[in-house]
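Q:
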Amino acid sequence: RLYANMHNTDNKCLYTCKISDVAGRPVFDIAPDESPDKIIRAHKPDDCIAQLIQIINKSRGTELAAMPGNGIDFFGLSHPLVRNLIQSCPGAKKCSGYKWIKFEINK
1 RLYANMHNTD NKCLYTCKIS DVAGRPVFDI APDESPDKII RAHKPDDCIA QLIQIINKSR
61 GTELAAMPGN GIDFFGLSHP LVRNLIQSCP GAKKCSGYKW IKFEINK
């Protein structure tokens with residue numbers, strides 16, 4: 001995902017978003033490609049993006065305009081293809097709180 005640089009806010013930075021399973025819970029990571037060791041980590045995507053925006057705001061010295069969407073959008077989880085893949089995974093029905101979408105097949 002291309003977004004404001006954490007340390008040089010006049011430039012953009014490419015961020016890699018990753019979701020891992022840690023002890024049965026999802027962990028969301030955002031890592032800037034220029035500094036992959038500076039990982040932002042949280043148990044919710046919204047918390048992860050909030051941390052990134054807080055770091056950018058601190059570096060910039062002003063409030064960054066609110067990001068359109070939220071952590072789910074930043075991680076690509078609102079994309080229809082990704083949502084369809086998630087719903088196709090074994091055990092997906094066990095995910096409590098997930099809002100299912102009915103996909104139509106076009107021929």
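Position 56, counted from 1, in the sequence shown is what full-length UniProt numbering calls 56; the numbers after and before it change by one each time, with no gaps.
Yeah, the Cβ is synthetic: ideal placement off N, Cα and C, and Gly gets one too.
Since the structure is predicted, the reported quantities are computational estimates derived from the model, not experimental observations.
Classify LEU52: buried if its beta carbon has 16 or more other beta carbons within 10 angstroms, exposed otherwise.
A: Buried, since its Cβ has 16 or more Cβ neighbours within 10 Å.
Q: So for PRO80, helix, strand or coil by DSSP?
A: In this structure, PRO80 counts as helix in the three-state DSSP scheme.
Q: Whole angstroms are fine: how far does the CA of ILE19 sit from the CA of HIS7?
A: HIS7 and ILE19: Cα-Cα distance of roughly 24 Å.
Q: Look up ILE19 in the DSSP assignment and give the residues it is bridged to.
A: According to DSSP, ILE19 bridges with PHE28.
Q: I need the straight-line Cα distance from LYS58 to ILE40, nearest angstrom please.
A: Each residue's alpha carbon lies about 15 Å from the other.
Q: Would you give the residue range spanned by the alpha helix (DSSP H) that ILE55 belongs to?
A: It spans 45-60 - the alpha helix (DSSP H) in which ILE55 sits, taken as one unbroken run.
Q: Which value, in whole angstroms, describes the spacing of the CA atoms of ALA42 and GLU63?
A: If I take the Cα positions, the gap works out to 22 Å.
Q: For ILE40, write down the residues that DSSP places opposite it in a beta bridge.
A: DSSP output for ILE40 lists ILE30 as bridge partner(s).
Q: Between THR16 and ASP37, how many whole angstroms is the CB-CB distance? I'm expecting something under 8 Å.
A: That pair is no contact at about 12 Å.
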